[in-house]
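Note that the working numbering has the sequence shown beginning at -18, numbered continuously upward.
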Amino acid sequence: MFKMVLFACFFSLFMSSAALAHFGMVIPSRSTAISQKEAEVSLQLSFSHPMEMQGMPLARPESFSVYFEGRAEDLLSGLKAAQVMGKEAWTARYTPKRPGVYQFVMKPVPYWEPAEDCFIQHYTKTYLAAFGEEEGWGDPLGLETEIVPLTRPFGNYAGNIFQGRVLLQGKPVPWAEVEVEYYNQDNAYQAPDAYFVTQVVKADSNGVFSYVVPFAGWWGFAALNTIADKMEYEETPKDLELGAVLWLEFVKPVNGK
Ligand SMILES: [Cu+2]
C-alpha cells in the first residue's frame, strides 16, 4: 500500500514534470470569527497536492499546536484520524476563548520522498482571528522555518497582494523560491496545463516575496529549503528539505444592495 502511494506520487511527477508540489495543509473551517457562536472551528490536517486534489498519506504529526499571545498549547492529543483526498489525514476542533490572533502550527514527521531522494518536512501554519482583535499577526513564532506575513494574514479579499518574509532558522532567506497553490476544493478550477498547477515567485534579497491572489478561496505558500543536517534512509545520509508553509483565506466580497 505504502509503495503504491509512493509510486502514485512518482508517477504524477513523471506525468507533469513541470510542477509537482506537495503541501502540508492545515485548513480551518474559517479564518475569522466575530461572534462566540461561530467561534468553534474544525481543522483539517493533510499532506496533499492541493490544486490537483491528490492526497498523500500524512502520518500522525510530530506536533500540532495553537499559539496565542506568545504561548503554545498542545493540540496533538485531540487529533482524530480522517481521510482527505482519499488518504490518511487528521482533524481537530478548537474554540478560541479570548479576542486575538490564534496561530495553528503542524510539524509533521519527515516524509521520505523517493522521487526527490530526500526527506520532506513541512512546518505548516495558519491563522484564526477572533472577536475583532488583530494584534500580533506579524510576529514570528520562532519556528525552525516559517513565512512571516507582511500583509495581515486574514480579512483579505481575492485580488489583494500578499507579502511575506521567508525565515529559516530565524534568518531571512534571500531569493527564496516560493511555490503557491490553490486548494481546489470541488475541483472548481482546472489548470490549462501542467505549468499552471503551481505558481512560483522568488523572494528579494531580504527574503520578501509578493503574490497577487487571483481568485477567492484558500491559498498555500511554500518556501522550501534544504538544511545542512542529514537524515538516514536505509543507512545512507539523505537531505532534509524543510518547508515553511502558510495557508490563507482570500474572500470574495459580498454584494451590496
Ligand atoms: Cu507528492
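Yeah, the Cβ is synthetic: ideal placement off N, Cα and C, and Gly gets one too. The model shown is predicted, which means the values in this text are computed figures rather than measured ones.
Same chain only: Cβ atoms within 6 Å of residue i, ignoring 5 sequence neighbours per side
i, result
"T179", "A0, A2, E160, E162"
"I101", "Y92, E94, E222"
"T207", "D220, E222"
Any non-hydrogen atom of ligand 1 within 6 Å of residue i CB
i, result
"M37", "yes"
"H103", "no"
Sequence-distant residues of the same chain with beta carbon closer than 8 Å to residue i, five excluded per side
i, result
"E19", "R11"
"V(-14)", "With a pLDDT of only 48 at V(-14), under 50, the local geometry of the prediction cannot be trusted, and the value read off the model is given with reservation. The residues are M37, P38, K68."
"P42", "L26, L57, L60, W71, M87, K88, P89, V90"
"R74", "E21, V22, S23, L24, G59"
"N141", "T132, V193, V194, F231"
"P155", "A184, D185, S186, N187, G188"
"S44", "D55, L57, V86, M87, K88"
Beta-carbon spacing of residue i, residue j below 7 Å
i, j, result
"G51", "V226", "no"
"A110", "T13", "yes"
"M37", "F28", "yes"
"M34", "N168", "yes"
"T107", "V7", "yes"
"A203", "A157", "no"
"Y164", "W199", "yes"
"G151", "I128", "no"
"V181", "F190", "no"
Proximity winner among the options, relative to residue i (alpha-carbon distances)
i, options, result
"N236", "V181, E230, Y138, L205", "Y138"
"L221", "V90, A184, L148, N187", "V90"
"V65", "Q166, V181, F135, L148", "Q166"
"D210", "V189, A197, C99, V47", "C99"
"P130", "L229, R79, Y164", "L229"
"E54", "A40, A172, F143, Q84", "Q84"
"T126", "P134, F143, P153", "P153"
"G81", "P9, E215, F135, M212", "F135"
"A63", "K238, A40, Y214", "A40"
"H30", "E213, G201, K238, Y214", "G201"
"G224", "S46, R79, L148, V47", "L148"
"L122", "S46, M212, E213, P9", "S46"
Residues near residue i in its chain [Cβ-Cβ closer than 7 Å; skip 5 each side]
i, result
"L124", "V86, Y104"
"P234", "Y138"
"I15", "F112, G113"
Any 3 or more C-beta pairs closer than 8 Å across the stretch 109 to 124 and the stretch 182 to 202: no
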